[in-house]
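**Q**
Residue numbers (the working numbering): 51 to 209.
1) Tell me the DSSP bridge mates of residue 121?
2) Which term fits residue 70, buried or exposed, when burial requires 16 or more other beta carbons within 10 angstroms of its beta carbon?
3) Roughly how many angstroms lie between the CA atoms of residue 188 and residue 153, to the nearest whole one?
4) Would you kindly check if the distance between the Cβ of residue 108 and the Cβ of residue 78 is under 8 Å?
5) So the alpha helix (DSSP H) residue 65 belongs to, where does it begin and stop?
6) Which one of 172, 93, 65 and 64 has the shortest CA to CA distance from residue 162?
7) Taking Cβ positions only, does residue 167 come closer than 8 Å to chain B?
8) Measure the C-alpha to C-alpha separation of residue 105 and residue 56 and round it to an integer number of angstroms.
9) I'd like the span of the beta strand (DSSP E) that includes residue 85, first residue to last.
10) Just to check my reading of the structure: residue 74 and residue 67 have Cβ atoms closer than 8 Å, yes? What is that Cβ distance to the nearest angstrom?
11) Would you call the CB atoms of residue 155 and residue 84 closer than 8 Å?
12) Going by C-alpha to C-alpha distance, which of 134, 80 and 159 sits closest to residue 119?
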């Protein structure tokens, strides 16, 4: 992942994937599809995409912040659990509304940015109808409310 500044001062994230690696190509294609479908401050905004030689470039807004897991451990503080639950519920709702099922919403995949929580990792996501799955079939698929409760519990223990 590369960080750059474009004309006008906007900071962007550039993800380059070697398209000769079919698994990586499928992954970035899926991430591109999801970012196009999600229009919410809880996800990075897709700016552009396309081929660049033997690579595929995915360009999105740069999210300034820290992974939630690192922040909780470093600060050793308690988060406002009502705010955190509200943000997690908002992420889950936006995914459901966009027809996306994410199998690994985890504090390592969440970025704590000023005033918001952002999910930017779609490695374990799929369409709700599972037509674009290539993740391991044995991966546990917990109920959303259980997954959210587990995140809150791990954050509380880290603090």
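All residues carry an ideal CB built from backbone N, CA and C; glycine is no exception.
**A** In terms of the structure at hand:
1) Paired residues: none, contrary to the question.
2) Taking a 10 Å sphere around the C-beta of residue 70, we find fewer than 16 other C-beta atoms and assign the residue as exposed.
3) At residue 188, the pLDDT of 36 sits below 50, so the modelled position is not reliable; the number obtained from the coordinates is stated separately. Rounded to whole angstroms, residue 188 to residue 153 spans 11 Å at the Cα level.
4) yes
5) Where residue 65 is concerned, there is no enclosing alpha helix (DSSP H), although the beta strand (DSSP E) it sits in stretches over 61 to 68.
6) 93
7) In the structure shown, chain B does not exist; there is a single protein chain.
8) If I take the Cα positions, the gap works out to 20 Å.
9) Unbroken run through residue 85 is the alpha helix (DSSP H), 72 to 87; no beta strand (DSSP E).
10) 5 Å
11) no
12) 159
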